[in-house]
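Number of protein chains: 2
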Amino acid sequence: MPIERRPLREQIRDELMLRLDRGDFAAGTDINEAALAAELGVSRTPLREALITLAGEGVLESNQGRGFRFAPVSRKEFRELCAIVAALEALALDSSDPVYLKQVAPELLRLAQEFSDNIAEQQDIERHDDEWHDLLLGGCSNERLLDLITSVKAGMRRYSHLVAGESTPMERAAEEHCRIAECLIAGDPKGAAAALRDNWVNGMERMMSRIP
Amino acid sequence: MPIERRPLREQIRDELMLRLDRGDFAAGTDINEAALAAELGVSRTPLREALITLAGEGVLESNQGRGFRFAPVSRKEFRELCAIVAALEALALDSSDPVYLKQVAPELLRLAQEFSDNIAEQQDIERHDDEWHDLLLGGCSNERLLDLITSVKAGMRRYSHLVAGESTPMERAAEEHCRIAECLIAGDPKGAAAALRDNWVNGMERMMSRIP
DNA sequence: CAGTAATATTTTGTATGCAGAATTCATAGT
DNA sequence: ACTATGAATTCTGCATACAAAATATTACTG
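Protein chains in written order, with the UniProt record's numbering: chain V, 1 to 212; chain R, 1 to 212.
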């Protein structure tokens, strides 16, 4: 079996995103490279490489001479990101294989329903939501688009823990997922794309009040 | 006046993109870090940082232990990129200030017309085309979206020099630009967005035969 | 002569070192 | 007490150094 041989910068990036999801870093926090490198047990070089990729994804921002910091959150940016992801996912759905969509639609519906039943941990909720969207878009052959969506969503993760603990928003989201799945079952991808767009717009509205 | 103090990695990135536009590197060429660093008169560290950002934009790709190389071109990827940019620019137009659009529409029309007249150098043509799109989208308040468009377009520059020397495609493009501008003058942003999408789709078709 | 094993060389990936900018702290002056 | 000034410290940005992987070369064997 082949042992894992990935560049350190990628592993570091993943680890940092993990910690971001755990809520270890607050938005606006600036990063001490030496300290973080020591904590991770690596040198500053691959750490900086990871930080640069994260800056490229909008998770961090860098200022000359002042290093990196977690990009501060704002309603404006969140609106912008939601609009972007809505458009990109709608495009992905448009360019998906209809056969695939028909095929996974029942599964998508089932997941959405079982999701609306048990209210789990925030961590799980988000993972579940992500997996649902991944399954939805799994039939899209536009690889660059899927990569781009992943990248933009990475930039949105800074916002995800702000909504923690609210149950009603999630029920609404589940309803919307059901509607999308139903459109697909009915063989109406156009309606599904519209419902998907709504899902993002509504999700944005739901979270907006949570953002400073 | 404040003297320019940008990180080396950014200057290097810009220089590499410049050289890419000049056609210095062929797609698929792999990069020798030491040689390139020496040629640029910098050390490998900021060079690698620039390479990593370019890899994030899809201009380069990296393989473990094998370094970076200019990502090979393919019709599939070109189609994918065109679809993405079409959707993103259409979104940008949708979320643009209508007042701004009405305002710059005559200028856009003028530029498109004067463009169709004199056939210039390939280099100039592309710069002109880029500036035209920039002006078109200048009224979009979604900064993240504009950044993203810039980034995705950077990944497309590998393809731009493939079309060099064809005059008829450019005339067609100018026509399409005129149509977009006319829609804006007529106060029909919806139609303009559709024409913009067409512009990208047609541009894709025009170039497709040029790609191996 | 083809093919393969062993060795040498090149090149990447990571760590360390160093100069200068930014920040902090202390001190002096009002 | 508060601000300003300057030294001391911290930290970033870039350069260099080193180890391991990949590639090229040579030697050997059938």
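Where a beta carbon is used, it is the ideal one built from N, C-alpha and C, also for glycine.
| Query | Result |
| --- | --- |
| Would you mind working out which of R/R172, R/R75, R/A194 and R/R158 sits nearest R/I24, comparing C-alpha positions? | According to the sequence displayed, residue 24 of chain R carries Asp and not Ile. Comparing Cα positions, the closest option is R/R158. |
| Taking R/I149 and R/A92 to be in contact with their CB atoms under 8 Å, please state how far apart those CB atoms are, rounded to whole angstroms. | 7 Å |
| For V/D30, would you say it is in contact with chain R, using Cβ-to-Cβ distances shorter than 8 Å as the test? | no |
| Counting only runs that start and end within the region 13-74 of chain V, where is the beta strand (DSSP E) found for 3 or more residues in a row? | 60-63 and 67-70 |
| Using only CA atoms, which one of V/D21, V/R9 and V/R6 lies nearest to V/S160? | V/D21 |
| Output the boundary residues of the alpha helix (DSSP H) element that contains V/A192. | P189 to M208 |
| So what's R/S151 in DSSP terms, helix, strand or just coil? | helix |
| From V/D198, V/N199, V/C183 and V/V163, pick the residue whose C-alpha is nearest to that of V/A192; which is it? | V/C183 |
| Please name the residue, chosen from V/R144, V/L40, V/V163 and V/T29, that lies closest to R/K76 on a Cα-to-Cα basis. | V/R144 |
| Considering only the beta carbon of each residue, do V/A181 and V/L135 sit closer than 8 Å? | no |
| Would you say V/T150 faces chain R, with C-beta separation under 8 Å as the test? | no |
| When the Cα of R/G58 is compared with those of V/L162, V/E107 and V/S151, which residue comes out closest? | V/S151 |
| Within 10 Å of its beta-carbon, does V/E15 have 16 or more other beta-carbons around it, so buried, or fewer, so exposed? | exposed |
| Residues bridged to V/S96 by DSSP? | V/C140 |
| Buried or exposed: where does V/L196 fall if 16 or more other Cβ atoms within 10 Å of its Cβ makes it buried? | buried |
| What are the residues in the region 66-84 of chain V lying within 9 Å of chain R by C-beta distance? | K76, E77, R79, E80, L81, A83 and I84 |
| Quick check: is the beta carbon of V/N142 nearer than 8 Å to any beta carbon in chain R? | yes |
| Below 8 Å, can you find three or more Cβ-Cβ pairs linking the region 54-71 of chain V to the region 29-39 of chain V? | yes |
| Going along chain R, which residues have a C-beta under 7 Å from V/G56? | T53 and G56 |
| Report the option in R/R13, R/L88, R/A55 and R/L18 whose CA atom is closest to the CA atom of residue 216 of chain R. | Outside the shown range of chain R (1 to 212) lies residue 216 of chain R, about which nothing can therefore be said. |
| Taking the Cβ atom as the reference point for each residue, do R/R210 and R/R172 lie within a distance shorter than 8 Å? | no |
| Under the rule that 16 or more other beta-carbon atoms within 10 Å means buried, what is V/L18, buried or exposed? | exposed |
| Quick check: is the beta carbon of V/E61 nearer than 8 Å to any beta carbon in chain R? | no |
| Under the three-state reduction of DSSP, which class applies to R/I84: helix, strand or coil? | helix |
| List the whole-angstrom C-beta distance separating V/A87 from R/L81, where the pair is believed to meet the contact cut-off of C-beta under 8 Å. | At roughly 15 Å, the Cβ-Cβ gap does not stay under 8 Å, so V/A87 and R/L81 are not in contact. |
| How about R/A50 and R/R9: do their beta carbons lie closer than 8 Å? | yes |
| Which chain V residues are close to R/S95, counting only those with a beta carbon under 7 Å from its beta carbon? | A83 |
| For R/A208 and R/F78, what's the separation of their Cα atoms in angstroms? | The question names Ala, but residue 208 of chain R in the sequence shown is Met. About 8 Å. |
| Given this structure, state the Cα-to-Cα distance separating V/K190 from V/L111, to the nearest angstrom. | 21 Å |
| Where does R/P106 sit, in a helix, a strand or coil, going by DSSP? | helix |
| Check the Cβ of V/R6 against every Cβ in chain R and list those closer than 7 Å, keeping chain order. | Q64 |
| Can you grab the Cα-Cα spacing for the pair R/W200 / V/I84, in whole Å? | 18 Å |
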